[in-house]
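Protein chains in written order, with the numbering used here: chain E, 1 to 321; chain D, 1001 to 1321. For glycine and all other residues, C-beta sits at the position ideal for the given N, C-alpha and C. Computed from a predicted model, the values in this text were never measured in an experiment.
Protein chains: 2
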Amino acid sequence: MDEKAIINLIIKKVGHPAFPISKIGDDVAVIPFEKQSLVISSDMLVYSTDVPPGMNYSQIARKSIVMSVSDLSSKGVIPYGVLVSLGITRSMKRSDIESLIDGFSSASNDFGVRIVGGDVNETSELIITCSMFGFSDSIVKRGGAHPNESVVVSGPFGLPASGLKILLESAKADKRFKINALNSLYVPTPPFKLGVELHKSGIPTSSIDSSDGLAVSLYEISEQSGVCIRIDNIPVPDGLVQFAKTNNLVADELVLYGGEEYEIVWTIPDEKFGLANRIAKRMGRRLMPIGRTLSKPTGSVYLTDGGKNKRVERRGWMHLN
Amino acid sequence: MDEKAIINLIIKKVGHPAFPISKIGDDVAVIPFEKQSLVISSDMLVYSTDVPPGMNYSQIARKSIVMSVSDLSSKGVIPYGVLVSLGITRSMKRSDIESLIDGFSSASNDFGVRIVGGDVNETSELIITCSMFGFSDSIVKRGGAHPNESVVVSGPFGLPASGLKILLESAKADKRFKINALNSLYVPTPPFKLGVELHKSGIPTSSIDSSDGLAVSLYEISEQSGVCIRIDNIPVPDGLVQFAKTNNLVADELVLYGGEEYEIVWTIPDEKFGLANRIAKRMGRRLMPIGRTLSKPTGSVYLTDGGKNKRVERRGWMHLN
């Protein structure tokens, strides 16, 4: 059974009458509380599927925090605290564990998230589950997009997929591109403040993080919002076209179907794009408009390619093993 | 490095100035929020260390929920919701996964806790991290005991340790004792409603769950409260003395130093014991007074044995591998 099938089975069997799990559909759970809601997510980092070759323990710890920071901040929620459940292997040395803890410490500072608890266990491979939470009046949902809005991303896609090609399949790259590609894998940096600020401004109608890849993220928005998405400007990073050519790869494939991405995808009404972009610039980021929402066919994603519409496949979520 | 050493290193390095992790000391983190606090805990169940031979997948799922229910309810907090991070192995069959999900479903009903989210991963052994939370005005702490109070437990100890002796070392037992011992391992049942009701009544001055064993639990209370604990009536279950004799084991060892226990330990002022016991009886349970808190030596635990005081060792937390 694959992940989606298992999740569907869980939703079917475990749905609580007062809290149907199927209503969640976002990467976070929202629990109404007094004035604000508790927003919480849980992510398990698994050594054999989530850790690329060459990543050090400090970077592994950081990535486990990033996975959850990305969940919350893409929904516009400031991460408040995190519980870290550690599964340590017997072969890990004291220096490995210290490096891991240093990674938690610096990620905690970088993202302003307090480590408030957790537990330590012995496992046959390194496992880190982060349960991160924040408090918020509302979240940006996946299902809030309307037709005729701009589809906008926080940065280019495809560097992590290229990095994996370099690490796992010995793809060739010039020095600068290689550094960027590996850096995107080893030190992923979600635009977490931008996610929060845009939500605060009330601009985005929908949003999603992109850890399953751009194509899957766009499909989630199109399906849950009941719109079509047409991509006119595929967000290709500098050097990727050359990299693809050199290695006989298809650039669009790397951009659309790679995983390990930590950008945010939003839909934004046209008249608010200017304001959104000013907010982004103030934070040293830029928004990249990549396409538009259309009224139909709902739940579909297209790419304009030389005047023709090409269907984007609903796939992605590349694991490392 | 053992668990305690790793936790101490984490506390030293990751303590957040605004939220020093060392202040936690309980099995739960308490996050002040509007009127009430968010109370949250995270526990990882690991197949190789937490699953005894013969336990089925439905029982495994239930146990993972029980571990967290025990954390919260021993602190007097009603569990509200849980996020379940699953690590499934490639060799698990569809029927195994269905059995696992059935276990979550029935545990969710048994303990009234909503499964509100989580994620699914592939791991080299089965891993389940439960992050459970509730909302409360306060918790019963480990450090609230005073001298001259009753030390009280929710039931006898030693059945899980006996069950492990039966399963792992072929210890002999009569049919009835064997059923009780294995049942305590396969279907642990924390007195979760009693934990909540006693806290509501304001009776306990301190409390702790006992998953690391009775001795360690008593030490935690004595150390964090700055009292001495003297055990006068060791809580031995029916049949355990005979079981120990048959297998050349020491009964007190099984009671004090076994792990996998899901009872609660409280300290209670003498004049309130009658009321506490009436509350327990109303819920079909009984409180067992096992000893007293004394003013000194602080941080120590003794057992009266034929008029003599015998020092209890600070050990326990027996793992299955």
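For residue 1111 (chain D), decide whether its Cβ has a neighbour in chain E, counting only Cβ atoms nearer than 8 Å. Here residue 1111 (chain D) corresponds to residue number 111 of the second sequence, with the count starting at 1. It does not: the Cβ of residue 1111 (chain D) has no partner Cβ on chain E nearer than 8 Å.
Residue 1267 (chain D) bridges to which residues according to DSSP? On the second sequence, residue 1267 (chain D) is found 267 positions in, with the first residue counted as 1. Note: residue 1267 (chain D) sits in a beta bridge opposite D:1151, D:1206.
Going along the chain, which residues of the segment 40-55 of chain E sit with their C-beta nearer than 9 Å to a C-beta in chain D? 40, 41, 42, 43, 44, 45, 46, 47, 48, 49, 50
In three-state terms, what does DSSP make of residue 29 (chain E)? As a position in the first sequence, residue 29 (chain E) is number 29, starting the count at 1. Reduced to three states, the DSSP call for residue 29 (chain E) is strand.
Can you list the residues of chain D that residue 120 (chain E) reaches, using a CB-CB cut of under 7 Å? Reading the first sequence from its first residue, position 120 is the one you call residue 120 (chain E). The contacting residues are 1003, 1006, 1007.
Roughly how many angstroms separate the alpha carbons of residue 1167 (chain D) and residue 164 (chain E), rounded to a whole number? Taking the second sequence and counting its residues from 1, the one referred to as residue 1167 (chain D) is at position 167. Taking the first sequence and counting its residues from 1, the one referred to as residue 164 (chain E) is at position 164. Near 46 Å, if we compare the C-alpha coordinates of residue 164 (chain E) and residue 1167 (chain D).
Under the three-state DSSP convention, the category residue 240 (chain E) falls into: Numbered from its first residue, the first sequence carries residue 240 (chain E) at position 240. Helix at residue 240 (chain E).
What is the rounded straight-line gap between the Cα of residue 255 (chain E) and the Cα of residue 210 (chain E)? One-based indexing of the first sequence puts residue 255 (chain E) at position 255. One-based indexing of the first sequence puts residue 210 (chain E) at position 210. So the alpha carbons of these two residues sit roughly 11 Å apart.
Pull up the distance between the alpha-carbon of residue 180 (chain E) and that of residue 252 (chain E), whole angstroms please. Taking the first residue of the first sequence as 1, we reach residue 180 (chain E) at position 180. Taking the first residue of the first sequence as 1, we reach residue 252 (chain E) at position 252. If you take the alpha carbons of residue 180 (chain E) and residue 252 (chain E), they lie about 18 Å apart.
Taking the alpha carbon of residue 98 (chain E) as the point to measure from, which residue in D:1002, D:1085, D:1010, D:1130 has its own alpha carbon closest? Here residue 98 (chain E) is taken as the residue at index 98 of the first sequence, counted from 1. Ranking D:1002, D:1085, D:1010, D:1130 by Cα distance to residue 98 (chain E) puts D:1010 first.
Are any of the Cβ atoms in chain A nearer than 8 Å to that of residue 1316 (chain D)? As a matter of chain content, chain A is missing from the structure shown, whose protein chains are E and D.
Inter-residue Cα distance where the pair is residue 1227 (chain D) and residue 65 (chain E): Counting from one through the second sequence, the residue named residue 1227 (chain D) turns up at place 227. Counting from one through the first sequence, the residue named residue 65 (chain E) turns up at place 65. Rounded to whole angstroms, residue 1227 (chain D) to residue 65 (chain E) spans 39 Å at the Cα level.
Assign residue 126 (chain E) to one of two classes, buried (16 or more other C-beta atoms within 10 Å of its C-beta) or exposed (fewer than that). Within the first sequence, residue 126 (chain E) is the residue found at index 126, counting from 1. Residue 126 (chain E) should be labelled buried.
List, in chain order, every chain D residue whose beta-carbon is nearer than 8 Å to that of residue 102 (chain E). Against the first sequence, residue 102 (chain E) aligns to sequence position 102. The contacting residues are 1013.
Exposure of residue 315 (chain E), with buried meaning 16 or more beta-carbon neighbours within 10 Å: As a working note, residue 315 (chain E) is residue 315 in the first sequence. When all chains shown are included, residue 315 (chain E) counts as exposed.
Interface partners of residue 1029 (chain D) on chain E, CB under 8 Å: For this step, residue 1029 (chain D) is matched to residue 29 along the second sequence. Under the 8 Å cutoff, chain E gives 81, 83, 116, 117.
Residue interval of the alpha helix (DSSP H) (run including residue 51 (chain E)): The sequence position of residue 51 (chain E) within the first sequence is 51, counting from 1. Unbroken run through residue 51 (chain E): none, as it is neither H nor E.
Range covered by the beta strand (DSSP E) that runs through residue 248 (chain E): Here residue 248 (chain E) refers to the residue found at position 248 when the first sequence is read from its first residue. Segment: none, residue 248 (chain E) is in no beta strand (DSSP E) and carries neither H nor E.
Sort out for me which residues DSSP pairs residue 1308 (chain D) with in a bridge. Along the second sequence, read from residue 1 onward, the residue named residue 1308 (chain D) stands at position 308. Looking at the DSSP assignment, residue 1308 (chain D) forms a beta bridge with D:1305.
Per DSSP, which one or two residues make a beta bridge with residue 122 (chain E)? The residue given as residue 122 (chain E) occupies position 122 in the first sequence. DSSP lists E:88 as partners of residue 122 (chain E).
What is the DSSP secondary structure of residue 44 (chain E), reduced to helix, strand or coil? For the purposes of this step, residue 44 (chain E) is identified with residue 44 of the first sequence, where counting begins at 1. In this structure, residue 44 (chain E) counts as strand in the three-state DSSP scheme.
Through-space distance from residue 311 (chain E) to residue 234 (chain E), alpha-carbon basis: As a working note, residue 234 (chain E) is residue 234 in the first sequence. As a working note, residue 311 (chain E) is residue 311 in the first sequence. The alpha-carbon atoms of residue 234 (chain E) and residue 311 (chain E) are separated by roughly 14 Å.
What does residue 1010 (chain D) reach in chain E if we use C-beta pairs closer than 7 Å? Counting from one through the second sequence, the residue named residue 1010 (chain D) turns up at place 10. Correct list: 101.
8 Å is my cut-off, CB to CB: does residue 1142 (chain D) come that close to chain E? Position 142 of the second sequence holds residue 1142 (chain D). For residue 1142 (chain D), the answer is no, since every Cβ of chain E falls outside 8 Å of its Cβ.
Out of E:193, E:265, E:121, E:106, which has the shortest C-alpha to C-alpha gap to residue 59 (chain E)? In the first sequence, the residue the question calls residue 59 (chain E) occupies position 59. Ranking the options by Cα distance to residue 59 (chain E), first place goes to E:106.
Under a CB-based cut-off of 8 Å, is residue 1124 (chain D) close to chain E? Counting from one through the second sequence, the residue named residue 1124 (chain D) turns up at place 124. Yes - at least one Cβ of chain E is within 8 Å of the one on residue 1124 (chain D).
The segment 1170-1203 of chain D: positions lying closer than 7 Å to chain E by Cβ: none
Distance CB(residue 82 (chain E))-CB(residue 136 (chain E)) smaller than 8 Å: Taking the first residue of the first sequence as 1, we reach residue 82 (chain E) at position 82. Taking the first residue of the first sequence as 1, we reach residue 136 (chain E) at position 136. Cβ atoms of residue 82 (chain E) and residue 136 (chain E): not closer than 8 Å.
Residue 278 (chain E) by DSSP, collapsed to three states: which one? What you label residue 278 (chain E) is simply residue 278 of the first sequence in a count that begins at 1. Of the three classes helix, strand and coil, the one that applies to residue 278 (chain E) here is helix, per DSSP.
Check the C-beta distance from residue 1123 (chain D) over to residue 1087 (chain D) and give it rounded, since I have them as a contact under 8 Å. Counting from one through the second sequence, the residue named residue 1123 (chain D) turns up at place 123. Counting from one through the second sequence, the residue named residue 1087 (chain D) turns up at place 87. That pair is a contact at about 3 Å.
For chain E, is any of its Cβ atoms less than 8 Å away from the one on residue 1087 (chain D)? Position 87 of the second sequence holds residue 1087 (chain D). By this cut-off, residue 1087 (chain D) is an interface position.
Assess contact between the segment 1194-1205 of chain D and the segment 1297-1307 of chain D, defined as three or more Cβ pairs (one per stretch) separated by less than 8 Å. Is contact present? no
Any C-beta of chain E under 8 Å from that of residue 1021 (chain D): Here the question's residue 1021 (chain D) lines up with position 21 in the second sequence. Low confidence applies to residue 1021 (chain D): its pLDDT is 46, below 50, so where it sits in the model is not reliable, and the reading given next is rough at best. It does; some Cβ of chain E falls within 8 Å.
Does residue 94 (chain E) come within less than 8 Å of chain D when only Cβ atoms are used? Translated into the one-based positions of the first sequence, residue 94 (chain E) becomes position 94. Yes, residue 94 (chain E) counts as interfacial toward chain D.
Hey, residue 28 (chain E) and residue 71 (chain E) are a contact pair by Cβ (cut 8 Å); roughly how many whole angstroms apart? The count along the first sequence starts at 1 and reaches residue 28 (chain E) at position 28. The count along the first sequence starts at 1 and reaches residue 71 (chain E) at position 71. Yes, residue 28 (chain E) and residue 71 (chain E) are in contact; Cβ-Cβ is about 6 Å, under 8 Å.
Are any of the Cβ atoms in chain E nearer than 8 Å to that of residue 1060 (chain D)? Within the second sequence, numbered from 1, the residue matching residue 1060 (chain D) stands at position 60. Closer than 8 Å: no.
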